[in-house]
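Chains as they are written, first to last, in full-length UniProt numbering: chain A, 1 to 225; chain B, 1 to 225. Heads up, the thing below is written out as structure tokens.
There are 2 protein chains.
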Amino acid sequence: MNTHETTAPAAPRQDARPSAAPAGPRLVAEARKEGVDAAVAAARRLITALLRSGDGTGADLDAVASQLDAVADRLTAGAPTVTDRLAEMWRGEGVTRHDPVTGPENALAPPLRLHGNEDRSVEGVVTLDLPYQGPPGHVHGGISALLLDHTLGVANHWGGPSGMTAELTLRYLRPTPLFEPLTVTGRQVSVDGSRIRTVGEISAGGRTCVTAEGLFINKQLPRPS
Amino acid sequence: MNTHETTAPAAPRQDARPSAAPAGPRLVAEARKEGVDAAVAAARRLITALLRSGDGTGADLDAVASQLDAVADRLTAGAPTVTDRLAEMWRGEGVTRHDPVTGPENALAPPLRLHGNEDRSVEGVVTLDLPYQGPPGHVHGGISALLLDHTLGVANHWGGPSGMTAELTLRYLRPTPLFEPLTVTGRQVSVDGSRIRTVGEISAGGRTCVTAEGLFINKQLPRPS
């Protein structure tokens with residue numbers, strides 16, 4: 001079977017289903033206010049600030065580079081081996097902490113905060129800034145694909161069997177704006193043996209911007225140990 | 001027409017076509033060794049270092065957070081308005097400097113360095129680290145989609161008319177590894193009126209991991225001014 005797994009959390013499905021709340025339980029890791037999550041939140045602000053600033057402000061960016069390099073050197077020197085770190089990442093709750101969409105330890109992640117709904121769909125709202133730009137003032141089509149691939153994976157974990165993405169089709173109906181709240185949804189629609197079909201979309205102001213249809217295969221890559 | 005533009009550079013097509021060189025001209029902005037590009041390169045190292053380190057090393061991550069916040073505050077205070085910055089970004093060579101795939105000013109970009117080939121295809125090699133992880137030790141399926149959407153857009157600029165992504169289909173044939181050189185290619189295959197078809201793939205060690213087929217519509221969003 002030739003497939004590609006989507007990262008998705010081992011969501012606490014049984015325990016966390018809501019009784020009647022309109023917004024269901026959070027399906028992704030909660031960011032902590034201290035430690036690596038705080039440093040990553042600051043790194044995210046910095047990525048945006050660098051893009052908002054650019055080269056023309058007279059800021060001493062070479063000094064900034066030296067400062068950031070020094071922090072990176074210090075952290076790298078103290079880091080575990082990649083093998084050990086991978087094993088640590090994939091234990092327990094770690095699995096939802098590092099991905100590039102929802103992970104509080106990953107500065108690439110906006111992060112998107114996904115909740116499970118009673119109807120087995122998942123949903124999150126996110127506002128994107130300049131790092132996620134494609135066409136002028138709008139979200140990059142590949143970023144929409146990234147958000148949707150991940151959201152479909154989480155929808156599988158929430159709604160039924162989950163697996164690896166085999167095929168993903170995106171349809172771009174209208175440009176997706178930066179700087180405005182975007183609603184990202186996903187929902188598992190069918191399971192036929194090992195074949196799982198899941199759909200999702202991104203909307204802004206109640207209008208659908210991008211839709212996604214995914215075919216997933218019910219298998220997983222082994223976790224490192 | 002409901003479509004979504006893919007960021008792609010206004011590549012210097014006519015002037016830069018190679019005569020016989022195996023690797024054609026670079027189609028994306030060259031990173032400078034100083035200024036904002038240097039700061040962004042350091043920010044990229046930092047994003048990876050934070051993920052490689054995690055919370056368990058005893059590093060004073062709250063101090064790191066304060067330091068990064070201070071830099072972000074300083075840059076933000078000196079930055080132009082977003083309107084002015086958008087106008088600046090979309091002038092001249094700026095268009096290839098800030099996207100989340102190839103942009104030297106965007107710390108989300110690995111960055112992927114794409115070159116044009118004689119046969120009108122485009123190609124780049126990139127090795128991805130932990131920020132781009134989906135399944136254990138492998139590239140996130142949505143990251144592959146991001147790289148391919150962008151590469152197909154650049155292939156359109158290199159090979160013929162270009163436009164906005166209307167539809168993108170990804171097929172995941174096998175997991176895409178982290179920490180190994182990945183070859184990313186794109187090639188425009190047909191133009192029928194305003195409908196442009198473009199394909200691409202990501203391979204590792206000579207084996208195809210992900211393929212992409214895109215339908216693009218020959219139009220663009222206006223540039224801010």
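Even for Gly, the Cβ is constructed at its ideal location relative to N, Cα and C. For clarity, every value in this text was computed on a predicted model and none was experimentally measured.
How is the beta strand (DSSP E) around residue i delimited, first residue to last?
i      : result
B:S190 : P181 to D192
B:R223 : Premise fails: B:R223 is in no beta strand (DSSP E) and is neither H nor E.
A:G200 : R195 to A204
B:A166 : M164 to Y172
A:T208 : R207 to I217
Alpha carbon to alpha carbon, what distance is there between residue j and residue i?
i      : j      : result
A:L112 : B:D192 : 38 Å
A:P22  : B:T185 : In this prediction, A:P22 has a pLDDT of 42, which is less than 50 and means its spatial position is unreliable; what the coordinates show is noted afterwards. So the two alpha carbons sit approximately 45 Å from each other.
A:H115 : A:T96  : 13 Å
B:L173 : B:G137 : 16 Å
B:G153 : A:G141 : 10 Å
B:A41  : A:L46  : 12 Å
A:E123 : A:R187 : 9 Å
A:E93  : A:D84  : 16 Å
B:A204 : B:V210 : 10 Å
B:I202 : A:A145 : 16 Å
A:T81  : A:D69  : 20 Å
B:L27  : B:T102 : 10 Å
B:T176 : A:W158 : 25 Å
B:A109 : A:L108 : 9 Å
B:L215 : A:T169 : 11 Å
A:G35  : A:M164 : 32 Å
A:T57  : B:Q67  : 20 Å
B:T183 : B:A79  : 36 Å
A:Q220 : B:T127 : 23 Å
A:G54  : A:L61  : 9 Å
B:Q133 : A:T208 : 28 Å
A:G206 : B:V189 : 35 Å
B:I143 : B:N106 : 15 Å
A:S225 : B:S225 : 53 Å
A:A63  : B:A63  : 18 Å
For the alpha helix (DSSP H) that residue i lies in, which residues bound it at each end?
i     : result
B:G35 : G35 to S53
Below 7 Å, is the gap between the Cβ of residue i and the nearest heavy atom of the ligand ADP?
i     : result
B:V40 : Absent from the structure shown: the ligand ADP. Ligands present: none.
May I ask you to report which of helix, strand or coil DSSP gives residue i?
i      : result
A:T57  : coil
A:R74  : helix
A:G153 : helix
B:P22  : The predicted model places B:P22 with a pLDDT of 42, which falls under 50 and marks its position as unreliable, so this point remains unresolved.
Spell out whether any CB of chain D is found under 8 Å from the CB atom of residue i.
i      : result
A:E167 : The chain labelled as chain D is not found among the protein chains of the depicted structure, namely A and B.
With a Cβ-Cβ cutoff of 8 Å, do residue i and residue j count as a contact?
i      : j      : result
A:A43  : A:P104 : no
A:A65  : B:A38  : yes
B:H150 : A:L51  : no
B:P135 : B:N218 : no
A:V125 : A:P181 : yes
B:D129 : B:L178 : yes
B:P131 : B:T48  : yes
B:S121 : B:A155 : yes
A:N117 : A:G24  : yes
B:R32  : A:A59  : no
A:E167 : B:R197 : no
A:L148 : A:A212 : yes
A:W90  : A:R223 : yes
Exercise. At which residue ranges does the region 79–147 of chain A contain complete alpha helix (DSSP H) runs of 4 or more residues, listed in the order of the chain?
Worked result: 82–89
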